[in-house]
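Participant: Attaching a single structure in structure tokens format; questions to follow.
In this note's numbering, the protein residues as written are 200 to 499.
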């Protein structure tokens, strides 16, 4: 009997009986998923929390997923559990005040500096140029990138809003209950197209890093081996790439919709925030963006 069949039978029996022993077997069976999700969060190894701490918080999400999983929906457990594991870790980081107002302010300053230099130069900004724009040393700029990565910024986890000083999950920014299905899909395609164009403007090294992370689904540690740099350096480059994308998209959207917060309806702000931060709400969306970008380069 295959492993998949064993898991399916185990799930069917647990859902029917809710036996504690079967529950523990399922938790043990999927424990490795927690380590994988934590490894992809991009929290630098210099963080105050040890990896084991993050895994323990992720286990809470896994247990919650096991208790709430409905086999009849036809969704793979891994897909159901991943956002809950990630969410449990992030919720704990928030409870530790890992996202203070000052941290959000620093992120915005870096994004603005990147966008300013790149508009002026007409090319991706170099580290020393961004550092000069910020009035700090390259070392201090790199440390800022590393510190910012503890806010867990990425294309598929919480990011800061451009109009609020708090961190909001991407899914909250992208959800629009008033929009019909076709309209939502059209907007998502527009978002993906804008993000794909922004990715094409990144330096090749950062394009590679994002492809390894979102398309190949490697952890930061695995990427560090592929790129022959430290894990901390991967976190820095990842943050820099995300900030470039956010800055580029923010500039594009500001030019397309030159409105102010004073006269812009809340729902419009919501869409602008979604556009600015990222146009994808999940790793699957990011994969499609990278796949489409790759196909476009092959044709051209």
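Where is the CB? At the ideal position from N, CA and C, for every residue including glycine.
Using only alpha-carbon positions, find the residue among 303, 279, 420, 233 that is nearest to residue 288.
Facilitator: Ranking the options by Cα distance to residue 288, first place goes to 233.
Participant: If we count the other Cβ atoms within 10 Å of its Cβ and call it buried at 16 or more, is residue 320 buried or exposed?
Facilitator: Burial call: exposed.
Participant: Please report the Cβ distance between residue 223 and residue 209, rounded to the nearest whole angstrom; I am assuming they are in contact, meaning their Cβ atoms lie under 8 Å.
Facilitator: With a Cβ gap of about 11 Å, residue 223 and residue 209 do not count as contacting.
Participant: For residue 447, which residues from the same chain have a beta carbon less than 6 Å from its beta carbon, with the 5 sequence-adjacent residues on both sides left out?
Facilitator: Only 397 meet the Cβ criterion.
Participant: Cβ of residue 332 within 8 Å of Cβ of residue 312?
Facilitator: Contact flag set, yes.
Participant: Can you check which of these residues, 309, 272, 283, is closest to residue 262 by C-alpha distance?
Facilitator: It is 283 whose Cα lies nearest to the Cα of residue 262.
Participant: Quick one: measure Cβ to Cβ for residue 309 and residue 343, integer angstroms, because I've assumed they're closer than 8 Å.
Facilitator: Confirmed, Cβ separation roughly 6 Å.
Participant: Under three-state DSSP, which class holds residue 216?
Facilitator: Here residue 216 sits in helix by DSSP.
Participant: Roughly how many angstroms separate the alpha carbons of residue 305 and residue 290, rounded to a whole number?
Facilitator: One C-alpha to the other measures close to 21 Å.
Participant: Just the C-alpha distance for residue 341 and residue 271, rounded to the nearest angstrom, thanks.
Facilitator: For residue 341 and residue 271, the distance between alpha carbons rounds to 48 Å.
Participant: Should residue 347 and residue 241 be called a contact, given that it needs their Cβ atoms to be closer than 8 Å?
Facilitator: No, they are not a contact pair.
Participant: What residues in its chain sit with their C-beta under 8 Å from that of residue 315, if we drop five residues either side in the sequence?
Facilitator: Within the same chain, residue 315 has close Cβ partners 332.
Participant: Can you check whether the CB of residue 238 is closer than 8 Å to the CB of residue 561?
Facilitator: Outside the displayed span of the chain (200 to 499) sits residue 561, for which this structure offers no information.
Participant: To the nearest angstrom, how far is it from the Cα of residue 403 to the Cα of residue 269?
Facilitator: Roughly 42 Å between the two C-alpha positions.
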